[in-house]
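A.B. asks: Per our numbering, the sequence shown starts with residue 147, numbered consecutively.
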Amino acid sequence: MNNHQAEATQAEIMVVDDTPTNLQLLSSILIEQGYQVRSMIDGLLALESALCDPPDLILLDIIMPKIDGYDVCKHLKSNQKTEGIPVIFISALDETWDKVKAFAVGGADYITKPFQVEEVLARVENQLTLHKLQTQLIEQNQLLQQEIRDRISAQAALESLNQELETRIQART
147 MNNHQAEATQ
157 AEIMVVDDTP
167 TNLQLLSSIL
177 IEQGYQVRSM
187 IDGLLALESA
197 LCDPPDLILL
207 DIIMPKIDGY
217 DVCKHLKSNQ
227 KTEGIPVIFI
237 SALDETWDKV
247 KAFAVGGADY
257 ITKPFQVEEV
267 LARVENQLTL
277 HKLQTQLIEQ
287 NQLLQQEIRD
297 RISAQAALES
307 LNQELETRIQ
317 ART
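1) Among L172, Q182, I294, L311, which has the Cα closest to the Cα of L206?
2) Would you mind working out which of E241, Q282, V218 sits nearest G252, comparing C-alpha positions?
3) Which residues in the same chain as A248 place their Cβ atom closer than 6 Å to its Cβ, once the five residues preceding and following it in sequence are excluded?
4) Where in the region 195-274 do unbroken runs of the alpha helix (DSSP H), each at least 4 residues long, occur, reported from the N-terminal end onward?
5) Look at the alpha carbon of V183 and the alpha carbon of D296, and state the distance between them as a whole number of angstroms.
6) When the Cα atoms are used, what is the spatial distance from I175 to V266?
7) Return the residue from the list K212, Q286, L239 that minimises the CA-CA distance to P260.
8) Quick one: grab the DSSP three-state call for N148.
9) In whole angstroms, what separates the C-alpha of L279 from that of K220?
10) What residue range does the beta strand (DSSP E) around Q182 cover?
11) Please report the distance separating the alpha-carbon of I294 from that of I177.
12) Per DSSP, what are the beta-bridge partners of I159 in this structure?
13) Is DSSP giving T281 helix, strand or coil here?
14) Taking only the alpha-carbon atoms, compute the straight-line gap between N149 and N272 and give it to the nearest angstrom.
15) Taking just the CA atoms, how far does Y181 sit from E241?
16) Measure the CB-CB distance between T228 and P201 and report whether it falls below 7 Å.
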């Protein structure tokens, strides 16, 4: 197992497409690379699944029955539990307007069908890396904020003790 595959096994990717052959192809490509894959045949099931157990990344078709990919992404981005999940749209829609709309609703990237395996893998790896780094940055920021609070509290305690000592010294003189 190479380094990429070792990292890949830690990532779970949800693939959402109403066309079974597309779903199977994408899932097979990702599984072969060591990713854990959750396949969803429609947007409503994907939303329900993502809310119950958020994946690390979502590959999302746009044209689907019941609810399209744009609306799925809007719902994901409006929920605190799923808002940080990177969404890569994969669609046969290749007009600039379609791509712009995908980014406007919160998509992180866009791949046009028919897709090249290498491109899908490169974009998936890129988004997973960005997501991992962003998560680390948020965690480090939270630790630093706690450290600041702790130091402010310690400084206030020291100032209080210092004031008490000065009061005692003045009382003795």
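A virtual CB, placed ideally from N, CA and C, is assigned to each residue, including glycine.
C.D. replies: Once the coordinates are examined:
1) L172
2) V218
3) F235, Y256
4) 215-223, 242-250
5) 42 Å
6) 9 Å
7) L239
8) The predicted position of N148 is uncertain, since its pLDDT is 49 and thus under 50; a value taken from the coordinates is nonetheless stated next. DSSP places N148 in coil when its eight states are reduced to three.
9) 23 Å
10) 182-186
11) 43 Å
12) V183, L203
13) helix
14) Note that N149 scores 48 on pLDDT, short of 50, meaning its location in the model is unreliable; the coordinates nonetheless yield the value given after this. Computed Cα separation, rounded: 15 Å.
15) 30 Å
16) no
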